[in-house]
Amino acid sequence: MPDIMPETINKNHQHQFAVPLAAVPLAAVPLEDILNDIDKELAGKASYGFNKNSSSSNTGCFKNSQYIKFILQDILMAFPLSAVLEIGSLPRITRLPNLPDWILGVSNIRGEIISIVDIKAFFNMSRPGIKRTQRLIIIHNMEIKIGILADKIMGIIFSEHIDKEIQNQIYKRTDCDPGSWTSYVSGGISLPDGLINIIDVNKLLSDPKMNAFGTD
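By UniProt numbering, the letter at position 124 of the sequence shown is numbered 124, and the numbering carries on one by one without gaps.
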């Protein structure tokens with residue numbers, strides 16, 4: 001796969017509940033830098049209900065109610081911020097033989113070899129192919145970490161209310177198997193731009209198929 005030049009995330013403000021990530025080069029953005037960007041965005045924004053003098057240490061207390069919002073095809077999803085290690089642009093991927101079709105290969109991310117997953121293939125969604133505009137999200141639990149590709153990263157959501165009955169409202173599509181991805185949805189957040197499906201990262205990474213290819 002040819003080298004892909006880093007790009008930047010669009011800084012357009014989506015709605016009053018979301019804080020888009022700052023427009024910085026996306027080679028690899030550690031979680032600490034994401035939180036620092038949150039602090040900068042929150043400064044002076046009284047509509048969010050946060051103290052405008054908040055620091056990164058204060059932001060940490062909201063970590064469990066913050067989510068990285070992204071798009072797979074036209075489905076809105078989110079990972080808990082606490083499960084996200086880094087974000088970045090499409091990395092250089094080394095393909096390896098005899099792997100499932102949803103494993104794109106491995107990539108050297110800041111000196112660590114990470115398995116890169118085509119999450120749409122894992123979820124049995126239709127796949128138009130890998131695009132250079134896709135974004136890398138490195139997620140982890142207590143055991144493993146992997147990199148997944150999202151079509152677009154929308155920003156950071158703040159929400160204390162998670163609808164646990166969201167399975168009754170799951171967004172339906174005709175070109176993917178709902179059961180293949182909705183089983184990983186732990187709840188949802190209703191926002192003006194649509195229903196955000198919260199992915200249970202621990203359940204996803206604990207799946208025997210996924211667990212076999214993660215990095216310790």
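Beta carbons are placed, not taken as given, at the ideal position from N, Cα and C, and that holds for glycine. Given the structure is predicted, the values throughout are model-derived calculations rather than measurements.
Range covered by the alpha helix (DSSP H) that runs through Ser-206: 201 to 206
With a threshold of 7 Å on Cβ separation, who are the neighbours of Ile-119 within its own chain once the five nearest residues in sequence on each side are excluded?
Leu-72, Ile-148 and Leu-149
- [ ] Please report how far the alpha carbon of Ile-68 lies from the alpha carbon of Glu-112, in whole angstroms.
- [x] 22 Å
Tell me whether Leu-136 is buried or exposed, calling it buried when 16 or more other Cβ atoms sit within 10 Å of its Cβ.
-> buried
### Message
Taking 8 Å as the threshold (C-beta atoms), are Ile-157 and Ala-78 in contact?
### Response
yes
Pick from Leu-81, Arg-92, Ile-130 and Pro-91: whose alpha carbon is nearest that of Trp-102? Ile-130
CA-to-CA distance, Ser-89 to Arg-132, given in whole angstroms
8 Å
Looking only at its own chain, which residues have a Cβ that is under 6 Å from the Cβ of Val-106, when we skip the five neighbours before and after it? Thr-94, Ile-113 and Ser-115
**Asked** For Ser-180 versus Asp-200, is the C-beta distance shorter than 8 Å?
**Response** no
| field | Contact set for Phe-123: own chain, Cβ-Cβ below 6 Å, skip 5 residues either direction | value | Ser-180 and Trp-181
- Query: Starting from Ile-119 and walking both ways along the alpha helix (DSSP H), at which residues does that stretch end?
  - Reply: 119 to 122
When the Cα atoms are used, what is the spatial distance from Lys-145 to Pro-192?
32 Å
Proximal residues to Leu-76 (C-beta, below 6 Å), its chain only, five neighbours per side dropped | Gly-194 and Ile-196
How far does the beta strand (DSSP E) with Ser-190 in it reach, from first residue to last?
-> 185 to 191
Practice prompt. Use the C-beta contact count for Ala-212: other C-beta atoms within 10 angstroms, 16 or more gives buried, fewer gives exposed.
Written response: exposed
Please list the terminal residues of the continuous alpha helix (DSSP H) segment that includes Ser-65.
Unbroken run through Ser-65: none, as it is neither H nor E.
### Message
Assuming the contact rule is C-beta atoms closer than 8 Å, Ser-65 and Ser-190 should be a hit. Round their C-beta distance to whole Å, please.
### Response
About 15 Å separates the two Cβ atoms, so there is no contact after all.
### Task
Put Gly-44 into one of helix, strand or coil per three-state DSSP.
Legend: pLDDT at Gly-44 = 41, less than 50; position of this residue unreliable, value from coordinates given subsequently. Three-state result, Gly-44: coil.
> If we ignore side chains and look at the alpha-carbon of each, how far apart do Leu-204 and Met-210 end up?
Replying inline: 7 Å
So, for Asp-151: in the same chain, excluding its five sequence neighbours on each side, which residues have a beta-carbon less than 7 Å away from its beta-carbon?
Ile-71, Leu-72, Gln-73 and Gln-134
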